[in-house]
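In my numbering, the protein residues as written are -15 to 111. Backbone N, C-alpha and C define an ideal beta-carbon position, used for all residues, glycine too. Note that the structure is predicted; figures quoted are calculated from it, not measured.
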């Protein structure tokens, strides 16, 4: 589905989640452009260096052009996310990356993350 009627209840209900995802994605996009300040990036389970070729934050655009209504409709009705308005990467400082790693260590010490085999990042350690 790409277009729905004005005042659609499903779109109205999804608007808050859509706006929150979009705002967070814009923050991540800005961070991506500051590699020195944000040296780490992570997807669901993999830690990378921000400059790794496997890292992509998409082409998140800051304007709210007419394409954005279609993106909201696809998100609300189909659960679709697009690199035009959202990113699935989290760009982090050293301290944030350390917390990300810590959150992914199981109760028995098992690791619930992996280090990228392409960029082989060093484990973040508190200064």
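A residue is called buried once 16 or more other Cβ atoms fall within 10 Å of its Cβ, and residue 29, having fewer, is exposed. Within the segment 0 to 30, no run of alpha helix (DSSP H) reaches 4 residues while sitting entirely inside it.
Comparing alpha-carbon positions, the option among 56, 79, 36 lying closest to residue -11 turns out to be 56.
Here the C-alpha atom of residue 81 lies approximately 8 Å from the C-alpha atom of residue 25. The residues 19, in chain order, have a CB closer than 6 Å to that of residue 35 in the same chain once the five nearest residues on each side in sequence are set aside. For the set 39, 4, 15, 5, the Cα lying nearest the Cα of residue 99 is the one of 39.
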